[in-house]
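All residue numbers for the sequence shown refer to the UniProt record's numbering, where the first residue is 1 and numbers rise by one. We put the beta carbon where it would ideally sit given N, CA and C, even for glycine. Notes for the one structure printed next.
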Amino acid sequence: MAVDLSTRLDRVLGAKTATAMAAQLSLHTVRDLLRHYPRRYASRGEMTRLDDLQVGDRVTVLAQVRSVETRPMRQRRGSITEVTVGDGAGTMRLVFFNHRHARLVAGAWGLFAGTVGEYRDAKQFAHPDLHLITGDDDEDWARALIPLYPASKDVSSWVIQRSVKLLLDAAGGFGFVEDPLPEEIRARHGLPSLPAALLGIHRPASTDDVEQASHRLKWDEALTLQLTLAARRRAAALEPGIARPQRPGGLLAAVDAALPFELTEGQRAVGEELTAELAREQPMHRLLQGEVGSGKTVVALRAMAQVVDAGGQAALLAPTEVLAAQHARGIRALLGPLGRAGELDGAAEGTRVVLLTGSLKAAARRAARADVAEGRAGIVVGTHALLQEDVEFADLGLVVVDEQHRFGVEQRDALRAKGNRPPHVLVMTATPIPRTVAMTVYGDLETSTLRQLPSGRGGVASSVVPVREKPAWLDRAWVRLREEIAAGRQAYVVCPRIGEDAGAEEEPADEDGAPDDAAEATDRRPPLAVLDVAEALRDGPLAGLRLEVLHGRMTPEAKEATMRAFAAGEVDVLVATTVVEVGVDVPNATVMVVMDADRFGVSQLHQLRGRVARGEHQGLCLLVSEAPSASATGQRLAAVAGTSDGFELARLDLETRREGDVLGAAQSGRRSTIRLLSLLEDEELIAQARAEATALLATERGLADHPGLAAEVAALATDERAEYLEKA
Ligand code: ADP
Ligand code: MG
């Protein structure tokens, strides 16, 4: 039978199987089935560690039956059978009602699939699917390694295994699969052919087979991704932008003269890099990463000033209204009369700083839009409102995106599209990005890093307060907070929820959210809420202090007024949601108490902590949680408290999230495109693939001689476009 990758599965498999595969696992074609790789392998020598299974996991295990006991049920007719299966590392109970498996006897081997449950402190499967392995089975089950596939209700792992075998038999091997990878690349990196790799991943004879096969299949993923990114870089390089060289005696000079501090060495070095790049016609695409508090804003402001001096406009996109307002306020204060051109006391040679957010009243918004469209505003600061269609620029020369992790690539691109020619782009993030992620998700950006904090910073001491185990520590925490206030400092108390009106909007869900929330959420109490906690503190441990709340349900005016009062030192304690997470800058605040800290993601906690590391005083960050110290969650918190090394934390964050989530969020391909590649473990491979991709595209004929690769890249692009459409 003639089979190729696009053959529909119902032509090779039974109709029922094919329908279930399509409906439950989205497997439609031969290609889909072959790309549905085993999650792991079982062998009879070294068995699945039953002990490692978590309640709630949906798994397939290979184990031997130890005992079988059948007894009548007490309340109803019928019988109940308890089967104990075991492996070297533990035992597990299977429970069947009215079972009729004649071959389910002590000594038998089988694959058991189901959801891990718990009964009287022991793990169990209630009426699992099973496939017993006996001597009469075909050679499949005699294999050294039995592949265990991601399965679904009606498509068990062994059905998938059998389907792959059927396909192999029907096609007479995987020879029909064409290898898209050029021979030279395979030879250079010692990679097996694609047919060999597919055989190795689906029907390995040894773990070596699996390793070689998956290494090769990862290469396919890495190369396709890198080719896409390299093509994007080349396309961007071909479309020239406008050079914005430095002019003496302008806004930039004024900014430098007005700065109340010396730039750090890092700020100066990155500044020179930016100055040089902005002076080129080829648009800059740069990622500026730097620890919380490393002073990225001033670096961005200097770049914006240079662009304004060269006759262009600069836009600064911030993720929240609070942050946008703070940026606008800070920039205006620094520029003084130079930022008020056209106003009574404004300097004629200056420009205007315009704030554009969703909450502006219609008239103010119209005026702001006109300033932007007619070029009177050189510096435009805003939130998502900047991206709207009716916002037009006279000559947008530079786009700055603050806290990039809060935005998608589409948003950056939407703003970029507002330039008459491609503007320069600077994106900033305090969430450090491991090198592999910089090469993939941010594959089209060059990177600069601010490693050093401005001198004279006190640093932050962090500890976990495990309230279940040490309730007295929480009392102690409030005493510490009062001491700081008495010494003239200020404090934040952060809660995961706003509270009171249950029907109303909560803070927008964050993609950084605690990774295990969904799984654990079911029987946990609701997260602590700002409004409740504020009341309890006012009447209790913080009585007498000036305490205010801040959250996303307040009007923008109220938020702004509260932030101002806090910044001016008129408020001692701010009880808030994560609206204070990013960028908020009040150097006199030294204490941060995070309630229900386990409900936040690693990088969120790091960001939050950054709010109290901003002045000369030593900061204190307390992570309050009910999670037991020994639990995975407790240990995650301890790790955050234990290090302030952002790179270390980024790694931890990446470990607790899935690769697909990281890549998916940045549109670097549909989740399904990246199956095996690990951003944590495959750094070397990704770097090699990047080099090969760049070299391939640098040749005159590009991918013209490699139609297979070109097709893979095109398929990825289609995937991406499909995803855009779904989102629109
Ligand atoms: P982030 O990188 O987290 O965005 P900011 O740009 O908000 O940090 O800067 C944090 C604080 O440090 C601000 O109050 C800023 O004015 C101050 N700052 C920036 N650069 C310096 C410097 N070179 N010396 C002293 N303070 C600085
Ligand atoms: Mg910032």
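Using a Cβ distance threshold of 7 Å, S193 and D179 count as a contacting pair. Going by C-alpha positions, L148 is about 7 Å away from T60. Spanning the alpha carbons of H36 and A22 requires a straight line of approximately 12 Å.
Residue pairing from DSSP places G290 in a beta bridge opposite L450.
Per DSSP, A417 lies in no beta strand (DSSP E) and is assigned neither H nor E. A direct Cα-to-Cα measurement between S462 and C621 gives close to 5 Å. Membership of L199 in the alpha helix (DSSP H) is indicated by the continuous run L194 to H202. Relative to the ligand MG, T297 has its C-beta within less than 6 Å of a heavy atom. The straight-line gap separating the alpha-carbon atoms of H606 and R451 is approximately 16 Å.
For L605, the three-state secondary structure derived from DSSP is helix.
For the ligand ADP, no non-hydrogen atom lies closer than 6 Å to the CB of L317. If you look at E548, you'll find it isn't in any alpha helix (DSSP H); it sits in the beta strand (DSSP E) that goes L547 to L550. Look at L263: its beta carbon is less than 6 Å from one of the heavy atoms in the ligand ADP. Between the ligand ADP and V292, a heavy atom-to-CB distance of less than 6 Å is present. Rounded to the nearest angstrom, the gap between the Cα atoms of P422 and G241 is 5 Å. L676 places its beta carbon less than 7 Å from that of L217. The beta carbon of D57 sits closer than 6 Å to the beta carbons of V116 from its chain, once the five residues preceding and following it are set aside; these are given in chain order. Under the DSSP assignment, T115 falls in the beta strand (DSSP E) whose first and last residues are W109 to T115.
Not one heavy atom of the ligand ADP falls within 6 Å of the beta-carbon of D645. Distance from L288 to V299 at the Cβ level is roughly 6 Å; contact confirmed, criterion being Cβ atoms closer than 8 Å. For T7, same chain residues with a beta-carbon under 7 Å away, outside a window of 5 residues either side, are T29 and V30 in chain order. Beyond the five residues adjoining it in sequence on each side, E118 comes within less than 6 Å, by CB distance, of V55 in the same chain, given in chain order. M73 counts as exposed, since fewer than 16 other beta carbons sit within 10 angstroms of its beta carbon.
Counting only residues of its own chain and dropping the five nearest sequence neighbours on each side, A613 has a CB closer than 6 Å to the CB of G293, V460 and G619.
Of A122, T91 and T70, the smallest CA-CA separation from H99 is found for T70.
Under the 10 Å beta carbon count, L238 is surrounded by fewer than 16 other beta carbons and is classified as exposed.
Relative to A305, the option among A325, A144 and G339 whose CA is nearest is G339.
Here the alpha carbon of I498 sits roughly 9 Å from the alpha carbon of L550. Exclusion of the five residues before and after L703 leaves L709 and A710 as the residues of its chain whose Cβ lies within less than 6 Å of its Cβ. In the three-state reduction of the DSSP assignment, F97 falls in the strand class. The Cβ-Cβ distance between G250 and Q267 does not fall below 7 Å. About 55 Å separates the beta carbon of D596 from that of P707, a gap too long to meet the 8 Å contact definition. With a cut-off of 6 Å, the C-beta of A430 is classified as near the ligand ADP, since at least one heavy atom of the ligand falls inside that distance. Note that the C-beta distance between Q124 and R103 is not below 7 Å. As a beta-bridge residue in DSSP terms, P466 pairs with S625.
For P72, the uninterrupted beta strand (DSSP E) run begins and ends at R58 to P72, by DSSP.
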